[in-house]
Amino acid sequence: MESTIVKSIDYNAYFGDNHVVKNVNIEITRNTVTAVMGPSGCGKTTFLRGINRMHELIPGATAKGKIMLNGEDVMEMHPIFVRLKIGMVFQRPNPFPNLSIYDNVIAGYKLNGIKLPKAEKDKIVELSLSRVALWNEVKDSLTKKGSFLSGGQQQRLCIARAVAMEPEVLLFDEPTSALDPISTSTVEELFHELKKNYTLIIVTHNMQQAARVSDKTAFFYVGELVEFDDTKQMFTNPTDIRTQNYITGRFS
Amino acid sequence: MQAQSNVKFRIGKSTGFQALTVGLAFACVVPLIFILIYIIQAGITKINWHFITNLPKPVGEAGGGVANALLGSMIIIGCASVIAIPFGILCGIYLSENKTSKLAYWSRLCVDILQGVPSIVIGIVAYFWLVKPLGGFSALSGSAALAIMMLPIIIRSTEETLLMLPDSLREAAYALGMPFHRVILKVIIPCGISGILSGVMLSVARIAGETAPLLFTAFGNPYLSGNVLKPMQSLPLLIFNYATSPYNDWHDLAWGASCILLIFVLLLNIFTKLITRKWKVQL
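Structure representation (structure tokens):
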């Protein structure tokens with residue numbers, strides 16, 4: 185069953201007077217992986233951060249337009265509810281350095297003051313860590329600090345932290361750009377598993393990654409959504425000349 | 036040949052410069068060591084159980100202690116901390132979270148100026164604002180004066196500690212749907228706790244020996260008093276009064292009190308170092 189989960193309508197984002205995302209209209213299908221690619225400074229990260237309203241945390245940042253989540257405009261919702269439904273993973277792994285691995289996974293509950301029985305917490309931690317293929321590696325060191333893990337493990341821990349909240353959509357902001365090739369491929373494999381339960385939107389500056397992991401690809405160029413299509417179609421037969429130039433490496 | 040002698044000269048110059056830095060660094064330590072040795076020599080023999088549990092005796096009588104000043108100092112410093120710590124930490128949080136707002140700019144400026152205000156001036160202000168309206172000297176007005184002196188140290192150290200935390204930490208918390216107050220209380224403060232605590236302890240150490248603001252606020256009291264609305268003795272006041280008196284017995288009390296004060300400040304500084312090391316969150 186194909187259904188739209190996220191839909192942006194004439195979305196515009198600004199930093200002060202700087203118009204960084206221009207009139208983006210996009211429809212994202214449930215349980216797919218969407219890659220957002222484009223040269224640096226094209227507004228792809230800003231657009232991603234607009235979806236869960238992280239964009240407006242930056243001083244001077246504003247946005248216009250609509251972003252519909254299941255038919256509800258997130259611009260009208262309270263950011264806290266939006267962020268509970270739309271999880272996010274950042275460029276650099278950022279586990280909470282003061283918390284253990286266990287507490288990092290349930291940080292969304294613990295730090296928000298949601299009390300859960302121990303058994304349920306254990307279940308969430310195990311399920312979330314299993315979903316990011318980290319359970320076997322850390323099950324004996326759950327009480328150690330999150331910063332004790334390697335970079336790739338930390339990033340998976342951050343994904344587990346987002347997964348634990350059972351969001352509908354997971355946003356990834358260049359999730360592998362700070363990781364080594366082996367950790368990168370581990371994380372990429374995860375995307376195929378995760379899309380069974382969630383909808384993934386991944387910003388990447390790496391075209392090969394977009395081609396490898398995504399079902400659909402969006403190409404951004406100087407703030408505009410140039411093209412949005414099936415990944416295969418996009419990489420073999422792009423319609424827009426700018427997409428073609430980007431994919432063939434005429435500019436980057 | 037010419038080049039070689041030139042190199043020799045340069046090596047000599049370099050060695051001389053190094054020797055100079057080592058020598059000057061050592062020269063900075065010497066006064067502290069002398070002060071420590073001198074005061075501990077003069078004071079440590081006076082300190083015993085009797086000294087810290089008894090009131091000063093009148094001139095001519097042997098013995099006597101500084102119980103009133105010790106208790107008074109603890110109460111005055113305690114009250115000052117209770118006033119200054121919440122204000123200071125919250126203000127520091129505001130400054131670190133709002134780097135560019137107008138209010139932040141002006142409060143930062145005020146804090147910097149406050150740091151430079153002489154302690155006697157703060158004492159006079161406390162006298163006109165608290166002592167006169169309340170109708171008499173009180174320990175509480177002394178605490179208020181000291182709290183004002185603690186504020187800039189706590190605010191600046193809190194602000195600087197929290198600014199060093201990476202933005203990614205805040206983003207991680209916000210992305211989990213945490214409201215502002217929880218981000219601050221559950222993530223930002225726990226991660227910066229070692230720096231915040233060290234600022235608090237240094238500010239306590241800084242005011243422990245302040246005399247000037249207490250002269251016309253807490254005023255001093257020869258008897259044991261626990262009432263913060265009445266005049267109260269404190270260690271720096273006792274030292275000031277007794278050291279300038281003509282009696283040898285009182286000089287002894289002043290030496291003992293100086294020694295206690297010095298050890299207190301020394302221990303606070305050492306604890307600060309330990310806490311910073313132990314509670315530091317590895318980012």
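Protein chains in written order, with the working numbering: chain A, 185 to 436; chain B, 36 to 318.
From the three backbone atoms N, C-alpha and C, an ideal C-beta is built for every residue, glycine too.
The model shown is predicted, which means the values in this text are computed figures rather than measured ones.
Buried or exposed by the 16-neighbour rule on C-beta atoms within 10 Å, applied to residue i
i        : result
B/PHE215 : exposed
B/TRP285 : buried
B/TRP164 : exposed
B/GLN317 : exposed
B/TYR73  : exposed
A/PHE231 : buried
B/SER50  : Residue identity check: residue 50 of chain B is Thr in the sequence provided, not Ser. So B/THR50 ends up on the exposed side.
B/ALA5   : Outside the displayed range of chain B (36 to 318) lies residue 5 of chain B, so it cannot be described from this structure.
A/ASN288 : buried
A/GLU260 : exposed
B/TRP84  : exposed
A/MET418 : buried
A/ASN278 : buried
A/MET185 : Legend: pLDDT at A/MET185 = 46, less than 50; position of this residue unreliable, no value from coordinates given.
A/PRO243 : exposed
B/SER269 : buried
Residue i (DSSP reduced to helix, strand or coil)
i        : result
A/ASP414 : strand
A/HIS203 : strand
B/ALA139 : helix
B/GLY58  : helix
A/ILE386 : strand
A/GLU372 : helix
A/ILE193 : strand
B/ALA102 : helix
B/PHE251 : coil
B/THR196 : helix
A/LYS379 : coil
B/MET109 : helix
A/MET185 : Low confidence applies to A/MET185: its pLDDT is 46, below 50, so where it sits in the model is not reliable enough to give any reading.
A/GLU408 : strand
A/VAL353 : strand
B/THR80  : helix
A/ALA348 : helix
A/LYS269 : helix
A/THR360 : coil
B/LYS48  : helix
A/THR427 : helix
Nearest to residue i (by Cα), restricted to the options the options
i        : options                                   : result
A/ALA247 : A/ASP201, A/LEU300 and A/ARG276           : A/ASP201
A/VAL387 : A/SER361, A/SER369, A/LYS380 and A/ILE343 : A/SER361
A/ASP357 : A/GLY234, A/LYS400 and A/ASN429           : A/GLY234
B/ILE82  : B/TRP141, B/ALA102, B/GLN150 and B/SER49  : B/ALA102
B/LYS313 : A/GLN339, A/VAL208 and A/ASN282           : A/ASN282
A/GLY330 : A/SER192, A/LEU341, A/LYS323 and A/LYS269 : A/LEU341
A/ARG214 : A/SER367, A/TYR382, A/MET391 and A/PHE403 : A/TYR382
A/LYS416 : A/SER369, A/TYR195, A/GLN392 and A/ILE385 : A/GLN392
A/LYS379 : A/ILE298, A/THR229, A/PHE265 and A/VAL397 : A/VAL397
B/THR311 : B/LEU249, B/CYS226 and B/ALA182           : B/CYS226
A/MET221 : A/PHE403, A/LEU268 and A/PHE412           : A/PHE403
A/LEU268 : A/GLN428, A/VAL258 and A/PHE274           : A/VAL258
A/GLY336 : A/THR327, A/VAL353, A/GLY227 and A/ALA317 : A/ALA317
Let me know the beta strand (DSSP E) ranges lying completely inside the segment 271-325 of chain A, each 3 residues or longer, listed in chain order.
none
Could I get the ranges of all uninterrupted alpha helix (DSSP H) runs contained in the segment 144-192 of chain B, with 4 residues as the minimum, in chain order?
154-161
What residue ranges within the segment 209-260 of chain A form continuous beta strand (DSSP E) runs of no fewer than 3 residues, ordered along the chain?
217-221 and 245-253
If the cut-off is 7 Å on Cβ atoms, which residues from the segment 272-291 of chain A count as contacting chain B, listed in chain order?
MET272, PHE274, ARG276, ASN278, PHE280, PRO281, ASN282 and ALA291
By the 8 Å beta-carbon criterion, what residues does the segment 242-257 of chain A contribute toward chain B?
PRO243
Would you list, in chain order, the members of the segment 340-370 of chain A that have their beta-carbon closer than 8 Å to a beta-carbon of chain B?
CYS342, ARG345, ALA346 and MET349
Counting only Cβ-Cβ distances shorter than 8 Å, please list the residues of the segment 206-217 of chain B near chain A, keeping chain order.
GLU206, ALA207, ALA208, TYR209, ALA210, LEU211, GLY212, MET213, PRO214 and ARG217
Contact list for the segment 115-140 of chain B against chain A, Cβ threshold 7 Å:
THR135
What beta strand (DSSP E) runs, 3 residues minimum, are completely inside the segment 254-312 of chain B?
none
Proximal residues, the segment 68-96 of chain B versus chain A, C-beta separation under 9 Å
none
Chain B contacts made by the segment 297-331 of chain A, where a contact means CB separation under 9 Å
GLY297, LYS329 and SER331
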